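J.: For the record, in the sequence shown the residue sitting at position 202 is 201 according to numbering that gives the first Met the number 0, with numbers rising by one throughout. Positions of the beta carbon are idealized from the N, C-alpha and C atoms, including for glycine. Note that the coordinates shown come from a computational prediction; the quantities given were computed from them, not determined experimentally. Mind having a look at this structure? Questions to follow.
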Amino acid sequence: MTRHANVDMCLIRENTEGEYSGLEHQPVPGVVESLKIITRMKSERISRFAFSFAKANGRQKVTCIHKANIMKLADGLFRSTFHEVAKDYPRLIIDDLIVDNASMQAVSNPQQFDVLVMPNLYGSIMSNIGAALVGGPGIIPGCNMGREYSVFEPGCRHVGLDIKGTNLANPTALVLSATMMLRHLGLDESATRYTHLASPCCIRFDADLQSRISQAVYAVIADGKVRTKDMGGSASTTDFTNAILHQMELI
């Protein structure tokens, strides 16, 4: 189905500063200045999250993506903070790459990557490259993790206005994002399917819903009989969703 086999990388993107800070002004007509904000606090926070994620999920390598050869102060701070935090995780393989080289490496040899951590703008670019490697924006799940709130959504936020209302969208990314939410809530080992009790307003969980849903999605894709247009098939969103539900009954 894809150009590359055995691609299994996780992109972790700082999502609150960088070029996305929105600090722009026009001192004179025809000249715009845009401020890129990088702080030690948030660089440390995202780096520590990346290392903790790698450790918790049995990952072996964490790579920092940057442009410190040009933006020596801003990206230099991000890179140096990353390496400082890395000292607390001596069992992990640590690496860093300049973002343009990382983009080329991701296209030519994506198998070398495991966990990647990067500032905001590079994360937007690299996530789209990663999605293209394995089938497009309709496949990749994602989430935004905060101290108080978490939002689970497709990893590539393409709204797909050209197929709005046509029942052609690939639901894989949204469904897998939902399974990530279940895992985050601690329901991956305590929930499998929703079973209604006597009262219609009450719902209980049987056993491992997160696992069953994700297994069903992967099984439908691997089977290849029901695929949406972006995966080379002709199935509608409804067809694909029904195929997942059917497969869940078999697991």
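In this structure, how does DSSP classify Phe-112 when only helix, strand and coil are distinguished?
T.: Stepping through the sequence shown from its first residue, residue 112 is reached at position 113. It is coil, neither helix nor strand.
J.: With DSSP as the reference, label Thr-194 as helix, strand or coil.
T.: Taking the first residue of the sequence shown as 1, we reach residue 194 at position 195. Because the pLDDT of Thr-194 is 36, which lies under 50, any placement of that residue in the model is unreliable, and the number read from its coordinates should be weighed accordingly. If DSSP states are grouped into helix, strand and coil, Thr-194 belongs with the strands.
J.: Since I believe Arg-58 is in contact with Val-114 (beta carbons under 8 Å), could you give me their beta-carbon distance rounded to a whole number of angstroms?
T.: For the purposes of this step, residue 114 is taken as the residue at position 115 of the sequence shown. For the purposes of this step, residue 58 is taken as the residue at position 59 of the sequence shown. About 5 Å; that satisfies the 8 Å criterion.
J.: Check whether the region 170-178 and the region 137-149 are in contact - that is, three or more C-beta pairs closer than 8 Å.
T.: Touching, yes, given that three or more Cβ pairs across the two stretches are closer than 8 Å.
J.: Tell me, please, which residues DSSP counts as bridged to Asp-94.
T.: Stepping through the sequence shown from its first residue, residue 94 is reached at position 95. Asp-94 is bridged to Thr-62.
J.: Roughly how many angstroms lie between the CA atoms of Asn-56 and Phe-48, to the nearest whole one?
T.: The residue you call residue 56 lines up with position 57 of the sequence shown. The residue you call residue 48 lines up with position 49 of the sequence shown. If you take the alpha carbons of Asn-56 and Phe-48, they lie about 12 Å apart.
J.: Rounded C-beta distance between Val-98 and Ile-45? I'm assuming under 8 Å.
T.: Stepping through the sequence shown from its first residue, residue 98 is reached at position 99. Stepping through the sequence shown from its first residue, residue 45 is reached at position 46. Contact flag wrong, Cβ pair sits at about 15 Å.
J.: Taking the alpha carbon of Leu-184 as the reference point, which residue from Gln-209, Pro-170, Glu-13, Thr-15 has its own alpha carbon closest?
T.: Sequence index remark: in the sequence shown, residue 184 carries index 185 (1-based). Checking every option, the nearest Cα to that of Leu-184 belongs to Gln-209.
J.: Residues in its own chain within less than 7 Å of Ala-215 by CB, not counting five upstream and five downstream?
T.: Mapped onto the sequence shown, residue 215 falls at position 216. So the list reads Ile-243, Gln-246, Met-247, Ile-250, once near-sequence residues are dropped.
J.: Apply the 10 Å Cβ neighbour rule to Pro-26 and answer buried if 16 or more other Cβ atoms are within range, or exposed otherwise.
T.: Locating residue 26 in the sequence shown gives position 27, where the first residue counts as 1. Its Cβ having fewer than 16 others within 10 Å, Pro-26 is exposed.
J.: Quick check: Ala-168 and Gly-154, are their CB atoms within less than 8 Å of each other?
T.: For the purposes of this step, residue 168 is taken as the residue at position 169 of the sequence shown. For the purposes of this step, residue 154 is taken as the residue at position 155 of the sequence shown. No, Cβ-Cβ distance for Ala-168 and Gly-154 is not below 8 Å.
J.: Using DSSP bridges, identify the partner residues of Phe-151.
T.: Sequence index remark: in the sequence shown, residue 151 carries index 152 (1-based). Beta-bridge pairing links Phe-151 to Cys-142.
J.: So does the region 88-97 actually touch the region 30-39, counting three or more Cβ pairs closer than 8 Å?
T.: No: fewer than three Cβ pairs fall under 8 Å.
J.: Secondary structure at His-24, three-state DSSP: helix, strand or coil?
T.: Within the sequence shown, numbered from 1, the residue matching residue 24 stands at position 25. In this structure, His-24 counts as strand in the three-state DSSP scheme.
J.: With H, G and I counted as helix, E and B as strand and the rest as coil, what does DSSP make of Ser-42?
T.: Reading the sequence shown from its first residue, position 43 is the one you call residue 42. In the structure shown, Ser-42 sits in a helix (DSSP, three-state: H, G or I).
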